[in-house]
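Enquirer:
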Amino acid sequence: RHGNKGVISRILPEEDMPYTADGAPVDVVLNPLGVPSRMNVGQILEAHLGWAAKGLGEQLQQMMEKEFSTASLREWLRKIYNSDRFAAYLKDLTDDELREVVRKMHAGVFLASPVFSGATENEIKDYLRLAGLPERGQTMLYDGRTGTPFQQAVTVGSMYMLKLHHLVDDKIHARSTGPYSLVTQQPLGGKAQFGGQRL
3 RHGNKGVISR ILPEEDMPYT ADGAPVDVVL NPLGVPSRMN VGQILEAHLG WAAKGLGEQL
63 QQMMEKEFST ASLREWLRKI YNSDRFAAYL KDLTDDELRE VVRKMHAGVF LASPVFSGAT
123 ENEIKDYLRL AGLPERGQTM LYDGRTGTPF QQAVTVGSMY MLKLHHLVDD KIHARSTGPY
183 SLVTQQPLGG KAQFGGQRL
């Protein structure tokens, strides 16, 4: 995971959020200026890899719905994972077990990218191409309120977002009179000490 913290500035109803050409609304819109200054390029690579995994999962789901032969499913999985160990694992699976494995991948194929020896930019591009998605990892988004497309293609992707438990309700604090430091006779600092605000 390539983390970054931020502040939620606006919560919109789903129908006002930007959406892709197929009508899927985005969940979160991030400020692009948060990437170069923090040198957090991994965040973009994670988004691209997640988008490719999701696209490949959708393709596998479509193959299952069209009743593709298990041989073509095996070939497609071999192409995605491109690993001798995985090929040996595939060979040992029965047709029913293979269908069960593919069924678990409908939301996205399983990928892991280690920290220093992870997926390269070219490998991510290959995955995007294989998933039938734009190689640049960008697509046109449409304004949820007006329906007009934005001027430029936007980087979209699937990535992990976790809630950082720093909430205003837990931090808000005020006092009139309270404890003072014995040494300096100034009010103590912080909510835990029932401290004061320095002016």
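Using my numbering, the letters of the sequence shown correspond one by one to residues 3 to 201.
Beta carbons: idealized from backbone N, C-alpha and C, even for Gly.
What are the start and end residues of the alpha helix (DSSP H) that includes Glu99?
Expert: Taken as a continuous stretch (DSSP letters only), the alpha helix (DSSP H) holding Glu99 covers 97-106.
Enquirer: Let me check understanding here. Comparing Cα to Cα, which of Leu169, Met161, Asn84, Phe196 lies closest to Gln183?
Expert: This sequence places Ser at residue 183; Gln is not what is there. Of the candidates Leu169, Met161, Asn84, Phe196, the one whose C-alpha sits nearest the C-alpha of Ser183 is Phe196.
Enquirer: Considering only residues of the same chain and omitting the five flanking positions on each side of Asn6, which have a CB-CB separation below 7 Å?
Expert: Once the five neighbours on either side are set aside, the close Cβ partners of Asn6 are Gly36, Arg40, Asn42, Gln45.
Enquirer: Assuming Arg138 is part of the alpha helix (DSSP H), what are its boundary residues?
Expert: Per DSSP, Arg138 belongs to no alpha helix (DSSP H) and is neither H nor E.
Enquirer: Have a look at Met163 and Thr186 and give me their C-alpha separation to the nearest angstrom.
Expert: Rounded to the nearest angstrom, the two C-alpha atoms are 44 Å apart.
Enquirer: Taking C-beta to C-beta, are Leu190 and Pro20 nearer than 8 Å?
Expert: The answer is no: Cβ separation not under 8 Å.
Enquirer: Per DSSP, what kind of secondary structure is Pro34 in: helix, strand or coil?
Expert: In this structure, Pro34 counts as helix in the three-state DSSP scheme.
Enquirer: Identify whether Tyr182 lies in helix, strand or coil by the three-state DSSP scheme.
Expert: Here Tyr182 sits in strand by DSSP.
Enquirer: Report the CB separation of Gly139 from Leu130 in whole angstroms; it is logged as a contact under 8 Å.
Expert: Rounded, the Cβ-Cβ distance is 6 Å, consistent with contact.
Enquirer: Taking the alpha helix (DSSP H) that Asp128 belongs to, which residues open and close that run?
Expert: 123-132 is the span of the alpha helix (DSSP H), which, as asked, contains Asp128.
Enquirer: Please name the residue, chosen from Leu100, Leu47, Ala90, that lies closest to Gln63 on a Cα-to-Cα basis.
Expert: Cα-wise, what sits closest to Gln63 is Leu100.
Enquirer: Using 8 Å for Cβ pairs, my map puts Thr72 next to Asp97. What's the rounded Cβ distance?
Expert: Indeed, because the Cβ distance is near 5 Å, the residues count as touching under 8 Å.
Enquirer: Along the alpha helix (DSSP H) that carries Tyr83, what are the first and last residues, could you check?
Expert: That run of the alpha helix (DSSP H) goes 72-83.
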